[in-house]
Amino acid sequence: MILTNFLKILATIIFANYLDSKINFFMVDYYLSFSLGFLVFCFWVFSLPNNIYAVSSFIIGLLIDLILGSPFGLNALLFTISSFIIHSYRYSFKIFSFLQITIFFAFLSMFYLGFINLFVNTANFSYLLIFLSFFLNGITWISIYILMNKFKTRFYR
Amino acid sequence: MARIAPGNTPKFAYAVLLIVASTFLYLDLQYKTFTATKNIFNSGLLTSNLIVKNLIFKPISNLYNLTTSKKELIQLNQSLADELEVSKIENFLILNKADLFKNNDELINYIKSSTIKSLNEIASISSFNTNLYKCCDSHRLFLFNNSTPFKEGGTVINSEGILGQITDSNKRVSEVILISDIKHSIPLKTKEFFCNANGTGRPRILECKYDASLWPESFEIGQNFFSSGLGGIFPEGLLIGSITSIKTDDDNETILEIKSIANPLTQNHVMVIYPNDFN
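Next up, the structure:
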């Protein structure tokens with residue numbers, strides 16, 4: 001993968017994380033939490049499985065850790081694991097329906113949120129938030145898939 | 001569910017990086033090894049943010065202001081808003097002077113002979129992750145240093161009351177741990193009852209836990225709690241907050257939830273004071 005493409009991918013993930021922080025400030029009160037940054041990362045791994053492997057996932061995760069101020073290595077670990085899972089299923093996705101793929105990524109983002117909350121929100125860990133976010137992120141995945149596909153065809157070379 | 005199809009996923013690289021990431025995470029959580037790296041990154045981010053703001057966005061907004069002839073009014077408005085914030089904090093300081101500085105003469109003598117330039121310093125907030133504040137256990141904010149870095153242990157107040165204390169400083173910014181942070185504890189009192197109120201990780205909420213069989217106290221919702229001064233960091237007798245709920249946990253311990261009166265989201269300026277330095 002060439003550097004400009006990597007930077008484009010990184011920029012979209014950082015932007016999605018920025019949106020995350022702005023929206024989640026209000027959503028947390030209603031036990032909802034978006035994981036836009038993570039879903040955008042998943043989209044890129046899903047749609048460019050030959051370009052984003054372990055090292056790029058790890059580096060993106062580390063940069064997100066630095067930007068968000070979360071424990072160093074947390075996003076790196078989760079991004080690397082997610083990347084591995086998506087790569088493992090890369091051929092199976094071809095026989096999955098779009099609904100199955102949506103459920104897969106909703107589950108993945110639910111686990112991501114669960115792990116993040118285990119580390120940064122131990123005292124107020126909420127199962128309700130994780131459960132409700134499964135549906136929210138499932139719906140979000142559909143819009144991210146459509147929007148990011150448009151972005152990819154226009155800007156990604 | 002379909003079976004996992006064989007692919008060319010490089011398992012070795014993934015295994016190595018998973019171990020590396022786990023090691024990073026362990027070192028950061030256990031020994032705070034990467035705190036300096038994070039601080040340097042944050043400082044760089046803040047500096048670049050300021051540069052971009054001053055070099056790109058400010059000239060553009062000034063140009064707009066010039067064309068609309070409102071520049072001076074906007075500047076005046078901004079400076080008045082800043083002045084108002086500062087004077088609100090100073091009012092708080094004046095009103096609570098007796099509690100904040102019980103031994104005022106000694107404190108002033110100490111300050112004259114020490115490196116601290118004054119007994120209080122106004123500081124502006126450089127960054128505050130409000131999302132983390134609302135969602136998570138860690139409640140920290142960062143202040144721009146004035147001429148010298150703030151001293152560790154300095155009490156941070158706004159016009160409403162105590163927000164937290166300085167925990168770390170580098171050349172540019174100082175880190176403040178808020179009283180609602182899960183790792184923070186502040187000794188409180190009400191009449192003859194004393195307790196250590198721990199942060200809960202929820203905005204403005206502190207928690208006092210005690211064994212009701214040892215302390216036969218009765219409390220009511222809305223009862224005020226004050227700082228006891230026992231920890232040696234915060235001054236004694238300042239109103240911290242009032243009880244919002246009283247619960248009993250599984251171990252039969254009573255939990256008092258106290259809502260702090262000081263809200264860190266209301267102002268861009270705070271004051272750092274060193275009330276206990278004369279000891």
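For the protein sequence lines, the chains are F and P, in the order given. Going by the numbering used here, the first sequence opens with residue 1, and the numbers climb by one from there. Going by the numbering used here, the second sequence opens with residue 1, and the numbers climb by one from there. A virtual CB, placed ideally from N, CA and C, is assigned to each residue, including glycine.
1) Output needed in chain order: residues of the region 112-130 of chain F with a Cβ under 7 Å from some Cβ in chain P.
2) Is K134 (chain P) close to chain F? Criterion is C-beta to C-beta, closer than 8 Å.
3) Just tell me which of P:T130, P:R172, P:P264 has its CA closest to the CA of A36 (chain P).
4) When you compare the CB of G201 (chain P) with every CB in chain F, is at least one pair closer than 8 Å?
5) Is the region 202-218 of chain P touching the region 255-265 of chain P, taking contact as three or more C-beta pairs under 8 Å?
6) Smallest Cα separation from N196 (chain P): which of P:E236, P:E85, P:S228?
7) Return the CA-CA distance between N131 (chain P) and F226 (chain P), expressed in angstroms with no decimal places.
8) Excluding the five sequence neighbours on either side, which residues of its own chain have a C-beta within less than 7 Å of the C-beta of S126 (chain P), listed in chain order?
9) So A54 (chain F) contacts chain P; which residues on that side make the cut at Cβ distance below 7 Å?
10) To the nearest angstrom, report how far apart M148 (chain F) and L113 (chain F) are at their CA atoms.
11) For the region 14-21 of chain F against the region 60-69 of chain F, are there 3 or more C-beta pairs whose distance is under 8 Å?
12) If you measure between the beta carbons of Y31 (chain F) and S126 (chain F), is that distance less than 8 Å?
13) S218 (chain P) versus chain F: which residues are under 9 Å apart at the beta carbon?
14) Could you check where the alpha helix (DSSP H) with H87 (chain F) kicks off and where it finishes?
15) Using the rule of at least 16 other Cβ atoms within 10 Å of the residue's Cβ for burial, across every protein chain shown, is Y133 (chain P) buried or exposed?
16) Do F150 (chain P) and V270 (chain P) have their C-beta atoms within less than 8 Å of each other?
17) Closest to S57 (chain F) by C-alpha separation, out of F:I95, F:T102, F:F98, F:F6, would be which residue?
18) Exposed or buried, which one is G37 (chain F) when buried takes at least 16 other CB atoms within 10 Å?
19) Our contact map puts H184 (chain P) next to G199 (chain P) with C-beta atoms below 8 Å; I'd like the distance itself, whole angstroms only.
20) Quick check: R204 (chain P) and I177 (chain P), are their CB atoms within less than 8 Å of each other?
21) Can you give me the Cβ contacts of F234 (chain P) inside the same chain, cut-off strictly under 7 Å, excluding the 5 residues immediately before and after it?
22) What is the rounded straight-line gap between the Cα of F72 (chain F) and the Cα of I60 (chain F)?
23) If we cut at 8 Å on Cβ distances, does N24 (chain F) have a partner in chain P?
Walking through what the data contain:
1) V120, N121, T122, A123, N124
2) yes
3) The shortest C-alpha separation from A36 (chain P) is found at P:R172.
4) It does: the Cβ of G201 (chain P) has a partner Cβ on chain F nearer than 8 Å.
5) yes
6) P:S228
7) If you draw a straight line from the Cα of N131 (chain P) to the Cα of F226 (chain P), it is about 28 Å long.
8) Taken in chain order, the residues that qualify are L46, F142, L143, F144, V173.
9) P10, A13, Y14, L17
10) 21 Å
11) yes
12) yes
13) By Cβ distance, chain F contributes nothing, its closest Cβ being about 27 Å from S218 (chain P), past 9 Å.
14) 74-88
15) buried
16) no
17) F:F6
18) buried
19) Going by Cβ atoms, the distance from H184 (chain P) to G199 (chain P) rounds to 4 Å, so yes, they are a contact pair.
20) no
21) T155, I162, I186, S227
22) Across the structure, F72 (chain F) and I60 (chain F) are spaced so that their CA atoms are roughly 12 Å apart.
23) yes
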